[in-house]
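The letter at position 77 of the sequence shown is residue 77 when you use full-length UniProt numbering, and the numbering goes up by one with no holes. Every residue, glycine too, gets a C-beta built ideally from N, C-alpha and C. Just so it is clear, the structure is predicted and the values come from calculations on it, not from any experiment. In what follows, a single structure is set out as structure tokens and then discussed.
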Amino acid sequence: MEINSRHHLRSDGVSELETAVSEGLGVDVDGDTYELVELADSKFDLVLVDGEPSVLYVDDEPFLTVRGANRFEPETHVVTVDSGAISFVSDGADVMRPGIVEADDDIDPGDLVAIAEENHGKVLAIGRALVEGAEMAGDQGKVVESVHHVGDDLYEFVV
């Protein structure tokens with residue numbers, strides 16, 4: 001991934017980011033340094049928190065990356081999948097109803113969500129909800145569109 005620009009966030013930018021992530025995920029992102037990395041060949045921009053790619057901007061909305069979600073553990077907007085879905089979700093597949101074990105009721109269509117596996121709670125992917133959280137579990141149909149997952153270019157990004 002090619003870097004277009006990289007610069008430290010100002011204190012108001014840090015405050016805005018921390019507030020948005022806290023309100024959206026119930027997480028306190030806490031770091032000493034925050035650097036915005038604008039990527040040339042990606043639809044995302046990254047924020048490095050203490051040098052780690054922890055936050056991404058999806059359509060100008062800040063959300064944790066997979067690495068960030070495993071570092072800061074979101075409390076809300078989490079969709080949990082069963083062990084049978086792990087390999088598919090880890091490869092970037094969208095999430096289907098039969099693989100869902102649990103989903104937060106406060107999820108609305110269009111919300112970004114962290115997709116975690118049921119055994120250890122590790123986040124495998126970040127996605128966009130297609131239905132309400134209460135409607136996610138069931139027999140058929142796609143309910144979360146994958147945005148970023150373990151092993152993709154964003155996950156492998158190093159500075």
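What separation, rounded to the nearest whole angstrom, lies between the Cα atoms of V150 and H120?
So the alpha carbons of these two residues sit roughly 15 Å apart.
I'd like to know whether the C-beta atoms of H148 and I126 end up nearer to each other than 7 Å. With respect to I126, H148 sits close: the two C-beta atoms are nearer than 7 Å.
What does the Cβ neighbour count give for H8, buried or exposed, with the cut at 16 atoms within 10 Å? When all chains shown are included, H8 counts as exposed.
Q | Beta-carbon contacts of G133 that lie in its chain and below 7 Å, excluding the five residues immediately before and after | A | Cβ neighbours of G133 within its own chain (closer than 7 Å, five residues either side excluded): A103, D104, D105, D106, I107.
In chain order, what residues of the same chain lie with their CB nearer than 8 Å to the CB of S83, ignoring the 5 residues before and after it?
-> E117, E118, N119, listed in sequence order.
| Taking the alpha carbon of V123 as the point to measure from, which residue in K142, M136, P109, S87 has its own alpha carbon closest? | Considering only alpha carbons, the answer is S87.
Return the first residue and the last residue of the beta strand (DSSP E) that F63 is part of. Boundaries of the beta strand (DSSP E) around F63: 61-64.
- Message: If you measure between the beta carbons of E38 and D45, is that distance less than 7 Å?
- Response: For E38 and D45, yes; Cβs fall inside 7 Å.
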